[in-house]
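Residues 14 to 263 (the working numbering) are what the sequence shown spells out, left to right.
Taking it in order: structure first as structure tokens, then the write-up.
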Amino acid sequence: TQLHQKAIGAWIEKLDAYMANRDALPPHTLENLAKIGAALERWMQENLLDAFAFQCWPALQKMFGIFPCTLMSYLSQQLIPGACETDAVGALSMLALQFASGGPAGIFDWNNNCPDPNQLVLFHCSNSPVGLLENPKVTYNAMAVKGEGLEHSYATIYGALAKGPITFCRIHPNDEAGKIESIMGQGKIVSNPPDSFGAIGVLEVPDLQDLLRYICYHGYEHHVSITQGNQADVLHEAFEKYLKWGVHLH
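Structure below.
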């Protein structure tokens with residue numbers, strides 16, 4: 014309908030302005046991102062939603078020949094957090110960090126592969142909001158390109174995580190105990206690994222091995238949400254005092 018076309022056109026304009034290297038995309042990518050954006054916007058408004066999660070890979074790549082990462086990045090930058098891999102609790106963690114900091118939040122993988130015991134790599138392929146990154150650009154998912162082909166592997170966001178203090182958070186449903194638990198703490202992005210892809214940075218956290226041991230022993234997921242600044246005490250008070258959740262403040 015004319016109304017739908019107008020909504021899609023508005024999303025094309027917004028995403029076109031958001032992407033610095035728009036010309037790198039195959040022609041169908043921007044249009045399909047805009048169609049999903051228009052449908053998602055209407056669905057979230059109708060259901061009064063503040064955050065969302067997508068089954069991004071391989072579902073949307075197979076159905077629409079794209080990755081929705083740039084759309085998700087744009088929305089997270091606009092303080093409508095979106096998590097990948099159907100991680101609804103990760104989106105909730107992003108929303109909590111966003112409320113605490115007043116800025117955008119992203120979702121990443123823990124990667125315990127640094128020689129320094131107090132450092133690890135944060136990585137995703139990625140849907141990171143550009144506010145967390147240095148020199149962000151739109152490109153293709155290097156992990157997925159072999160499956161559906163290069164032209165069906167756009168549009169992910171690459172960039173180095175901006176150096177400086179960050180707060181991390183993970184909300185975790187403990188199904189066996191029937192309760193909500195969480196971890197939170199602070200660290201700083203100190204550098205970026207060479208010769209990689211996606212959104213990536215080296216996170217330094219004091220006594221990191223104790224934190225990783227806690228994560229593993231308590232069955233936490235491999236995703237963690239982050240935002241810039243120091244907000245761990247704010248989250249700790251909100252979760253423990255008002256929501257009555259189990260909290261581990263690192």
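Virtual Cβ for every residue (Gly too), placed ideally from N, Cα, C.
*What is the DSSP secondary structure of H231, counted as helix, strand or coil?*
coil
*Taking just the CA atoms, how far does E253 sit from V260?*
6 Å
*C127 versus K201 - alpha carbon distance*: 15 Å
_E59 - containing alpha helix (DSSP H), residue span_ = 40 to 59
*In terms of alpha-carbon separation, which member of G119, N124, K19 lies closest to L221?*
N124
_Which of the three DSSP states is assigned to C82 in this structure?_
helix
*Is the Cβ-Cβ distance between W70 and A157 less than 8 Å?*
yes
*Which whole-angstrom value is the C-beta distance of G144 and G162, which I expect to be below 8 Å?*
Contact doesn't hold; Cβ gap of about 31 Å is too wide.
*What number of angstroms, rounded off, separates the C-alpha of Q199 from the C-alpha of C182?*
9 Å
_If I follow the unbroken alpha helix (DSSP H) through L108, where does it start and stop?_
101 to 114
*Beta-carbon proximity list for A37, same chain, < 7 Å, skipping 5 on both sides*: V151, T152
*Pull up the CB-CB distance for M85 and N140, whole angstroms please, since I reckon it's below 8 Å.*
4 Å
*In chain order, what residues of the same chain have a beta carbon less than 8 Å from the beta carbon of H235, not counting five sequence neighbours either side?*
D122, W123
*Kindly provide the ranges of any beta strand (DSSP E) runs that are 3 or more residues long and lie completely inside the segment 162 to 226, ordered along the chain.*
167 to 174, 177 to 187, 192 to 204, 212 to 217
*Three-state secondary structure assigned by DSSP to P94*: coil
*Drop a sphere of 10 angstroms on the beta-carbon of P40, count the other beta-carbons inside from all chains shown, and report buried for 16 or more, exposed for fewer.*
exposed
*Straight-line CA distance for N243 to A212?*
21 Å
_Can you confirm whether the segment 102 to 111 touches the segment 75 to 83 when touching is taken to mean that 3 or more C-beta pairs between the two stretches lie within less than 8 Å?_
no
*K48 versus K176 - alpha carbon distance*: 34 Å
*Given a threshold of 16 other Cβ atoms within 10 Å of its Cβ, counted over all protein chains shown, does G5 qualify as buried or as exposed?*
Shown here, the chain extends from 14 to 263; a query on residue 5 therefore has no answer.
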